[in-house]
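Q: Questions regarding the structure given below will be posed in turn.
Quick look at the structure:
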């Protein structure tokens, strides 16, 4: 049984903090959340954001009651801005993580999680331009707290027993997806050998039912994460013909009837291409994407090619080149971008030596300056490889 650790000891503690933050004693609620943070890094972003936004409001009230001469509004603006930008950025990062799509824009994520788009616009303004006025910051903080109440606090179960029941239901649904996928694979293997389609019919019906009842993304995740689509003990370079024969009919039916499943499956497979530590799995995902494309089961090629440009690597580059080689329009739109994003490791001959470096005097003006990179660096800044 899987367990989730929380900063609070009992579910009733979280309900008490909700009551304090929004109604009876905001100061006490903020202090309690700050104490919880000292217990570890597993604080829900909604709880932390609520406390930080309310803390900014408390500072605002404290300064308003201060009888000292007028002071600068910058510290208060900075406090509101920091709390608000962390709130928006955190939820957008969570949305990207859930969708397994790090290339999504903040606006796209905000639409998916029903966050007001002006939250994203104000975050961008606060980050890249002047700090918003206090009037705007106060108003948007009130709206942010209302949004947090709707999407998180108001949905908390009334008791711990109810929460456990909901969690158990979700886990059971995930387990049902995995069980049905494994049963289908086993029945399909045995049925093809014995030429009896009834050996996998029941599991196939269950998978189709799950896909149409809101579990499309869970099914796609299970198929990829549980390696259902990959032959056992597969090595780099091994054929995928057997896996294609086992699964392509079902995947065709699911992708045709459920666009959500098709999108989720493509996203899951693309995510595997970014895993340098598992070459056989990455190659298998690459081959699956090519096979799905050849069967006309990928509707948005631009989404895949954008991912390939933003995540340059062995398999993404290979996938991108294969896809554009079969479509003149895609090649015209994406060929130069794929070429520009290609990573070429530097050898010693590329680096030159110290004697080749030009001599620059202290009073020499260096021309050039900063340039915007087409794609992100392949490693974090500061990491030596």
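Residue numbers (full-length UniProt numbering): 1 to 385. Beta carbons: idealized from backbone N, C-alpha and C, even for Gly.
(1) Specify the secondary structure class of residue 152 as computed by DSSP and reduced to three states.
(2) Would you mind listing the alpha helix (DSSP H) stretches within the stretch 230-272 that are 4+ residues and don't spill past its ends, in chain order?
(3) Just the C-alpha distance for residue 333 and residue 300, rounded to the nearest angstrom, thanks.
(4) Can you name, in chain order, every residue of its own chain whose Cβ lies under 7 Å from the Cβ of residue 94, other than the five neighbours on each side?
(5) Near residue 272, which residues of its chain fall below 6 Å by C-beta distance, leaving aside the five closest residues on each side in sequence?
(6) Where does residue 146 land, buried or exposed, given buried means 16+ other C-beta within 10 angstroms?
(7) Return the CA-CA distance between residue 339 and residue 293, expressed in angstroms with no decimal places.
(8) Is the separation between the beta-carbon of residue 34 and that of residue 51 shorter than 8 Å?
(9) Less than 8 Å between the C-beta atoms of residue 56 and residue 150, yes or no?
(10) Report the three-state DSSP secondary structure of residue 302 (helix, strand or coil).
(11) If the criterion is Cβ atoms closer than 8 Å, does the pair residue 84 and residue 123 meet it?
(12) Below 8 Å between beta carbons: does that hold for residue 20 and residue 28?
(13) Using the Cα positions of residue 177 and residue 288, report the straight-line distance between them to the nearest angstrom.
(14) Determine the direct distance from the alpha carbon of residue 89 to that of residue 49, and round the result to whole angstroms.
(15) Buried or exposed for residue 304, going by 16 or more other Cβ atoms inside 10 Å?
(16) Please list, in chain order, all residues of the same chain as residue 190 whose beta carbon is under 6 Å from its beta carbon, the five residues on each side excluded.
(17) With DSSP as the reference, label residue 228 as helix, strand or coil.
(18) Using beta-carbon positions only, say whether residue 120 and residue 106 come within less than 8 Å of one another.
(19) Rank 202, 54, 208, 188 by C-alpha distance to the C-alpha of residue 139 and give the top, closest one.
(20) Who are the Cβ neighbours of residue 238 in its own chain at under 8 Å, not counting the five residues just before and after it?
(21) Report yes if the C-beta of residue 19 is less than 7 Å from at least one heavy atom of the ligand SAM; otherwise report no.
(22) At what residues does the alpha helix (DSSP H) containing residue 8 begin and finish?
(23) Going by the beta-carbon positions, is the gap between residue 211 and residue 219 smaller than 8 Å?
(24) What does a CB cutoff of less than 8 Å around residue 388 pick up in its chain, not counting 5 residues either side in sequence?
(25) Which two residues bound the contiguous alpha helix (DSSP H) that contains residue 110?
(26) Here's the rule I'm using: 16 or more other beta-carbon atoms within 10 Å means buried, otherwise exposed. How should residue 135 be labelled?
(27) May I ask which residues mark the beginning and end of the alpha helix (DSSP H) holding residue 63?
(28) Find out if the Cβ-Cβ distance for the pair residue 81, residue 131 is shorter than 8 Å.
(29) Report the three-state DSSP secondary structure of residue 312 (helix, strand or coil).
(30) Is the beta carbon of residue 203 sitting closer than 8 Å to the one on residue 180?
(31) Given residue 183, which residues of its chain have a CB within under 6 Å of its CB, disregarding the five upstream and five downstream residues?
(32) Smallest Cα separation from residue 12: which of 157, 322, 324, 316?
(33) Leaving out the 5 sequence neighbours to the left and right, which residues in its chain are closer than 7 Å to residue 76 when beta-carbon positions are compared?
(34) Give the straight-line distance between the Cα atoms of residue 320 and residue 71, rounded to the nearest whole angstrom.
(35) What does the alpha-carbon distance come out to for the pair residue 163 and residue 18?
(36) Rounded to whole angstroms, what's the CA-CA distance from residue 328 to residue 249? Just pull it up for me.
A: Walking through what the data contain:
(1) Here residue 152 refers to the residue found at position 152 when the chain shown is read from its first residue. Annotated three-state conformation of residue 152 is coil, per DSSP.
(2) The stretch 230-272 contains, as complete alpha helix (DSSP H) runs of 4+ residues, the segments 241-257 (chain order).
(3) Counted from its first residue, the chain shown places residue 333 at position 333. Counted from its first residue, the chain shown places residue 300 at position 300. Near 14 Å, if we compare the C-alpha coordinates of residue 300 and residue 333.
(4) Taking the first residue of the chain shown as position 1, residue 94 is located at position 94. Its chain contains 45 as the residues whose beta carbon lies nearer than 7 Å to that of residue 94, once the 5 sequence neighbours on both sides are disregarded; these appear in chain order.
(5) For the purposes of this step, residue 272 is taken as residue 272 along the chain shown, with counting starting at 1. Counting only Cβ-Cβ distances below 6 Å, and skipping sequence neighbours, we find 281, 282, 285.
(6) Reading the chain shown from its first residue, position 146 is the one you call residue 146. Exposed: under 16 other Cβ atoms inside 10 Å.
(7) Stepping through the chain shown from its first residue, residue 339 is reached at position 339. Stepping through the chain shown from its first residue, residue 293 is reached at position 293. The straight-line gap from Cα to Cα measures roughly 21 Å.
(8) In the chain shown, the residue the question calls residue 34 occupies position 34. In the chain shown, the residue the question calls residue 51 occupies position 51. Yes, the pair counts as a contact, with Cβ atoms nearer than the cut-off.
(9) What you label residue 56 is simply residue 56 of the chain shown in a count that begins at 1. What you label residue 150 is simply residue 150 of the chain shown in a count that begins at 1. Cβ atoms of residue 56 and residue 150: not closer than 8 Å.
(10) Position 302 of the chain shown holds residue 302. In the structure shown, residue 302 sits in a helix (DSSP, three-state: H, G or I).
(11) Residue numbering aside, residue 84 sits at position 84 when the chain shown is read from its first letter. Residue numbering aside, residue 123 sits at position 123 when the chain shown is read from its first letter. Yes. Within cutoff.
(12) The count along the chain shown starts at 1 and reaches residue 20 at position 20. The count along the chain shown starts at 1 and reaches residue 28 at position 28. Between residue 20 and residue 28, the C-beta spacing is below 8 Å.
(13) Here residue 177 is taken as the residue at index 177 of the chain shown, counted from 1. Here residue 288 is taken as the residue at index 288 of the chain shown, counted from 1. Each residue's alpha carbon lies about 20 Å from the other.
(14) Against the chain shown, residue 49 aligns to sequence position 49. Against the chain shown, residue 89 aligns to sequence position 89. Near 11 Å, if we compare the C-alpha coordinates of residue 89 and residue 49.
(15) As a first step, residue 304 must be located in the chain shown, where it is residue number 304. When all chains shown are included, residue 304 counts as buried.
(16) Looking up residue 190 in the chain shown gives position 190. Within the same chain, 199 come within 6 Å of residue 190 by CB-CB distance, once the 5 residues on both sides are set aside.
(17) For this step, residue 228 is matched to residue 228 along the chain shown. Here residue 228 sits in coil by DSSP.
(18) Your numbering for residue 120 matches position 120 in the chain shown. Your numbering for residue 106 matches position 106 in the chain shown. Cβ distance < 8 Å, so residue 120 and residue 106 count as in contact.
(19) One-based indexing of the chain shown puts residue 139 at position 139. The residue from 202, 54, 208, 188 with its alpha-carbon nearest to that of residue 139 is 54.
(20) In the chain shown, residue 238 corresponds to position 238, counting from 1. Correct list, in chain order: 231, 280.
(21) Judged by which ligands are present, the structure shown has none, so any question about the ligand SAM falls away.
(22) Start at 1 with the first residue of the chain shown, and residue 8 comes out as number 8. From DSSP, residue 8 is part of no alpha helix (DSSP H); its letter is neither H nor E.
(23) Residue 211 sits at position 211 when you count from the first residue of the chain shown. Residue 219 sits at position 219 when you count from the first residue of the chain shown. Yes, they are a contact pair.
(24) Because the chain in this structure spans residues 1 to 385, residue 388 falls outside the shown range and cannot be described.
(25) Taking the first residue of the chain shown as position 1, residue 110 is located at position 110. Unbroken alpha helix (DSSP H) run through residue 110: 106-112.
(26) Translated into the one-based positions of the chain shown, residue 135 becomes position 135. Its Cβ having fewer than 16 others within 10 Å, residue 135 is exposed.
(27) Position 63 of the chain shown, counting from 1, holds the residue named residue 63. Where residue 63 is concerned, the enclosing alpha helix (DSSP H) stretches over 45-65.
(28) Here residue 81 is taken as the residue at index 81 of the chain shown, counted from 1. Here residue 131 is taken as the residue at index 131 of the chain shown, counted from 1. Yes, the Cβ-Cβ distance between residue 81 and residue 131 is below 8 Å.
(29) Here residue 312 refers to the residue found at position 312 when the chain shown is read from its first residue. Looking at residue 312 - three-state DSSP - the assignment turns out to be coil, as it is neither helix nor strand.
(30) Counting from one through the chain shown, the residue named residue 203 turns up at place 203. Counting from one through the chain shown, the residue named residue 180 turns up at place 180. The answer is yes: Cβ separation under 8 Å.
(31) Residue numbering aside, residue 183 sits at position 183 when the chain shown is read from its first letter. Contacts found: 203.
(32) Stepping through the chain shown from its first residue, residue 12 is reached at position 12. Per the Cα distances, 157.
(33) Within the chain shown, the letter at position 76 stands for residue 76. Excluding positions up to five away in sequence, the list reads 59, 60, 63, 134.
(34) On the chain shown, residue 320 is found 320 positions in, with the first residue counted as 1. On the chain shown, residue 71 is found 71 positions in, with the first residue counted as 1. Between residue 320 and residue 71, the C-alpha separation is close to 57 Å.
(35) What you label residue 163 is simply residue 163 of the chain shown in a count that begins at 1. What you label residue 18 is simply residue 18 of the chain shown in a count that begins at 1. At residue 163 the pLDDT is 43, less than 50, meaning the model places this residue with poor confidence; the figure from the coordinates comes in the next sentence. Roughly 16 Å between the two C-alpha positions.
(36) For this step, residue 328 is matched to residue 328 along the chain shown. For this step, residue 249 is matched to residue 249 along the chain shown. So the alpha carbons of these two residues sit roughly 29 Å apart.
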